[in-house]
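K.L.:
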Amino acid sequence: MKSFKDVYKNSTNKIAGIAAAPGIVIGRAYLFSKEKLEISKAAITDVDEAIQNFNEALKQSKKELNKIFGIAHEKMDATRAAIFEAQLMILDDPVLINNIEKRILNEKIQPEFIVADEISKYQELMVISNESYMKERALDIEDIKNRIIRNLQKKRWQSRIKKNLIVVSEYLTPADTLLFSRQETQGFITDHGGLTSHAAIISRSLNIPAVVGTHNATQIIKDDDLIIVDGFHGYIILNPTDDQLDFFTFKQKKLLEIQKELEELKDQAAVTLDGKEINLESNVDVTGEIDMVITSGSKGIGLYRSEQILNELEAFPSEEEQTNIYSKLASRIYPKFVTIRAFDIGGDKLRLHNYKEPNPFLGLRGIRFLLENESLFKTQIRAVLKSSENKNIKFMIPMISTLDEIRQTLRLIQNCKNELKKEKVKYDNQMKIGIMIEVPSAAIMAEEFAQEIDFISVGTNDLIQYLMAVDRGNDLVSNLYQEFSPVVIRTLDHIVKGAKKFSVPVSICGEMAADTLAIPLLIGLGINSLSMSPSTILYAKRIIRNIEFKKAKVLADECLKCKTEVETQKKVQKFFDDNNITRTRNII
Ligand code: PEP
Ligand code: MG
């Protein structure tokens, strides 16, 4: 049987994009193009009538959005439906409405021009933001703008949507995505948009395969073309050959079988054939994922990347705002645990300082930034402590490279506890404090560091980058980013052995934890907790339930003797073959 790689290598009728929502669909294309609205700047004579028209357009837009919000509630969970609630709030924004009304009065021109102009100002601010999240929100606002203008012009929404088609569009708003889903749309393809676009998030939660960011799909695909959307690998096949059709139909069938099998694992333990239980937890990168954690069959949140809230909010959140966020998070996940990671600011992520660093990955990142900005760090520590009353929060520090950083952090946490005690605020005095091991210096000192803290979580994404001196985001050197390098395997072994001496638990929360090929080796090395994206939990569980811990230990011992990555990979692959274990990705 051919692999996906073979098929894509030999296909000239493919379009590449970003895999935004998993799944494979074969169907007919429906090109959805939004009517371009002509906006008039003509002078008006009756100002009162114009203001009345504007208010009616607002009312009509609210009515429409309320309807969509209702559908959203029916189809999705509350967190995601809130996207539409946010749009409704814009329609109620007194500052925006006052500005528009004032300008209609003063400038005496068509309200549609003023609406477009005022809302575009909001959008521009968002587009120039460095954060992809804010850029994506600019598209949501486009939806509101067009809705009000269309209602001012008293036009109806173009709702000629056929059923059961694959929608191909330049971009999709969350409202479009939802309305299309009502027509049993099978898949989505867009020219623009990224993984964090709400349309992508909604596709994922509605389970509709999607490929976004193709740049030019709308120019290549024609109405009614037969297409295949591969939401796993981010490809579209246009007018497939018989061979391609056979291949993807077979894959679809396989996928259905696997999904059924995986669903059955939800309530089962992640336990090896010889009885060793592995703790599977979830990584949370966007707020919307919390619901998936609850339904994913995972044991809690092993990594909550708290810097995400800085991306999602416009201003730096106050202690109160943070307390609100963390408390909600902790109570939603209760009685399971959430591990909140302190803001990992810097590197390729959000930067809050103006100084342009020549080597940001080696610069003021993670704990280094936090200790330089003590009051900001204290705001977060106090908020985390204040949210810990139910005793289900752990706190974790990123990018530790020296013992001094650990001690300074622990001192700060103690200071915050003392302050809260004086303020008579309740908190969990036993809250577990852990460190991430992401830097070679911390890996080497694992034994010494372990004596100062409660747990260790290995951030392999960064650890591999720093061990191999290879930028994790640089394509030119990606061949050196070697998960199975003996350097990585021996370093993990060193960390586990060091921590074990003081009974400090070690987990992995980097992407390596979700690589089904790596899982037996990691378990064999003695790692008994893995944290990964909630959508990969069942895939990992399936592997764990098919291996023997005893054999995984032998595999780890053999791999520790390997001298190259290829040698290690071969050993691991042989383990899968000898024990007759198939990986899901290989089955579909
Ligand atoms: C890691 O480095 O492995 C990790 C989990 O942190 P991040 O990917 O957020 O840097
Ligand atoms: Mg990291």
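In this note's numbering, the protein residues as written are 23 to 610.
Backbone N, C-alpha and C fix where the C-beta goes; we use that ideal spot for every residue, glycine too.
These numbers were taken from a predicted model, which means no experiment stands behind them.
Three or more C-beta pairs under 8 Å: does that hold for the segment 185-194 against the segment 47-58?
P.N.:
Yes: at least three Cβ pairs fall under 8 Å.
K.L.:
Using CA atoms only, rank isn't needed, just tell me which of Ile367, Leu577, Gln344, Lys143 is closest to Ser410.
P.N.:
Of Ile367, Leu577, Gln344, Lys143, the residue nearest in Cα terms is Gln344.
K.L.:
Which partner residues does Arg50 have in the DSSP bridge list?
P.N.:
Note: Arg50 sits in a beta bridge opposite Leu248.
K.L.:
Taking the alpha-carbon of Glu533 as reference, which of Cys581, Asn483, Glu580, Ala465 has the nearest alpha-carbon?
P.N.:
When only C-alpha atoms are compared, the closest one is Asn483.
K.L.:
Are Gln208 and Val251 close, meaning C-beta to C-beta below 9 Å?
P.N.:
Closer than 9 Å, so yes.
K.L.:
With a threshold of 8 Å, establish whether the CB of Met614 neighbours any heavy atom of the ligand MG.
P.N.:
With the chain covering only 23 through 610, there is no way to say anything about residue 614.
K.L.:
Quick check on Asn238: does DSSP put it in helix, strand or coil?
P.N.:
It is coil, neither helix nor strand.
K.L.:
Return the CA-CA distance between His139 and Thr199, expressed in angstroms with no decimal places.
P.N.:
In the sequence as presented, His is not what sits at residue 139; that position holds Asp. About 26 Å.
K.L.:
According to DSSP, is Ser181 part of a helix, a strand, or is it coil?
P.N.:
With a pLDDT of only 45 at Ser181, under 50, the local geometry of the prediction cannot be trusted, and the value read off the model is given with reservation. Three-state result, Ser181: coil.
K.L.:
Can we count Pro420 as close to the ligand PEP, meaning its CB is less than 8 Å from some heavy atom?
P.N.:
Flag set: Cβ of Pro420 near the ligand PEP.
K.L.:
By how many angstroms is the C-alpha of Asn229 removed from the C-alpha of Ser181?
P.N.:
Residue confidence is low: Ser181 scores 45 on pLDDT, short of 50, so the model does not pin down where it sits. Its coordinate-derived value is still stated next. Approximately 22 Å between the Cα atoms of the pair.
K.L.:
Quick check: Phe399 and Leu392, are their CB atoms within less than 9 Å of each other?
P.N.:
Yes, the pair counts as a contact, with Cβ atoms nearer than the cut-off.
K.L.:
Give the DSSP-derived three-state secondary structure of Met534 in the structure shown.
P.N.:
Met534 falls in the helix class under three-state DSSP.
K.L.:
Can we count Leu384 as close to the ligand PEP, meaning its CB is less than 8 Å from some heavy atom?
P.N.:
Flag unset: Cβ of Leu384 not near the ligand PEP.
K.L.:
Just list the beta strand (DSSP E) runs in the segment 375-434, keeping only unbroken ones of 3 residues or longer that don't cross its boundaries, in chain order.
P.N.:
Here the runs fully enclosed are 415-419.
K.L.:
Could you check the C-alpha separation between Ser349 and Val233 for me, to the nearest Å?
P.N.:
Distance between the alpha carbons of Ser349 and Val233: 35 Å.
K.L.:
Taking Leu325 and Ser479 to be in contact with their CB atoms under 8 Å, please state how far apart those CB atoms are, rounded to whole angstroms.
P.N.:
Contact flag correct, Cβ pair sits at about 7 Å.
K.L.:
Could you tell me if the beta carbon of Asn483 falls within a distance shorter than 8 Å of some heavy atom in the ligand MG?
P.N.:
Within the cutoff, so yes.
K.L.:
Tell me, please, whether the CB atom of Gly297 is closer than 9 Å to any CB atom in chain D?
P.N.:
Absent from the structure is chain D; it holds one protein chain and no more.
K.L.:
Look up Leu113 in the DSSP assignment and say whether it is helix, strand or coil.
P.N.:
Helix, per DSSP.
K.L.:
Which parts of the segment 253-329 are runs of the alpha helix (DSSP H), unbroken and 4 residues or longer, counting only runs that do not cross its ends?
P.N.:
You should have 264-285, 311-317.
K.L.:
How big is the Cα-Cα spacing for Leu277 and Asn381?
P.N.:
If I take the Cα positions, the gap works out to 43 Å.
K.L.:
Can you tell me which of Asn412, Leu552, Phe76, Gly369 puts its alpha carbon nearest to the alpha carbon of Ile389?
P.N.:
Nearest of Asn412, Leu552, Phe76, Gly369 to Ile389, Cα basis: Gly369.
K.L.:
Decide if Met458 is buried, meaning its Cβ has at least 16 other Cβ atoms within 10 Å, or exposed.
P.N.:
Buried, since its Cβ has 16 or more Cβ neighbours within 10 Å.
K.L.:
Output yes or no for whether 9 Å exceeds the beta carbon distance between Ala535 and Ala562.
P.N.:
Contact: yes.
K.L.:
By how many angstroms is the C-alpha of Ile243 removed from the C-alpha of Val510?
P.N.:
Cα to Cα, Val510 sits roughly 44 Å from Ile243.
K.L.:
Which two residues bound the contiguous alpha helix (DSSP H) that contains Lys563?
P.N.:
Taken as a continuous stretch (DSSP letters only), the alpha helix (DSSP H) holding Lys563 covers 559-566.
K.L.:
Gly45: beta carbon under 8 Å from a heavy atom of the ligand MG?
P.N.:
No, the ligand MG has no heavy atom inside 8 Å of this Cβ.
K.L.:
Say the cut is 8 Å; is the CB of Asp366 nearer than that to a heavy atom of the ligand MG?
P.N.:
Under cutoff, so the answer is yes.
K.L.:
Could you check what DSSP says for Arg605 in three-state terms: helix, strand or coil?
P.N.:
In the structure shown, Arg605 sits in coil (DSSP, three-state: anything other than H, G, I, E or B).
K.L.:
Grab the span of the beta strand (DSSP E) containing Lys358 for me, first residue to last.
P.N.:
Looking at the DSSP string, Lys358 is not in any beta strand (DSSP E), and its letter there is neither H nor E.
K.L.:
Going by DSSP in three states, Asn211 sits in which element: helix, strand or coil?
P.N.:
Before going on, a small fix: residue 211 reads as Ile here, not Asn. Ile211 falls in the strand class under three-state DSSP.
K.L.:
By a C-beta neighbour count over all protein chains shown, 10 Å radius and 16 as the cutoff for buried, is Leu127 buried or exposed?
P.N.:
Flag for Leu127 reads exposed.
K.L.:
By Cβ distance below 8 Å, which residues in the same chain neighbour Asn568 in space, the five residues on each side in sequence not counted?
P.N.:
Answer for Asn568: Leu295, Asn601, Ile603, listed in chain order.
K.L.:
Beta carbon of Arg390: closer than 8 Å to some heavy atom of the ligand PEP?
P.N.:
No, the beta carbon of Arg390 sits no closer than 8 Å to any heavy atom of the ligand PEP.
K.L.:
Under a three-way DSSP split, which group does Arg494 fall into?
P.N.:
DSSP places Arg494 in coil when its eight states are reduced to three.
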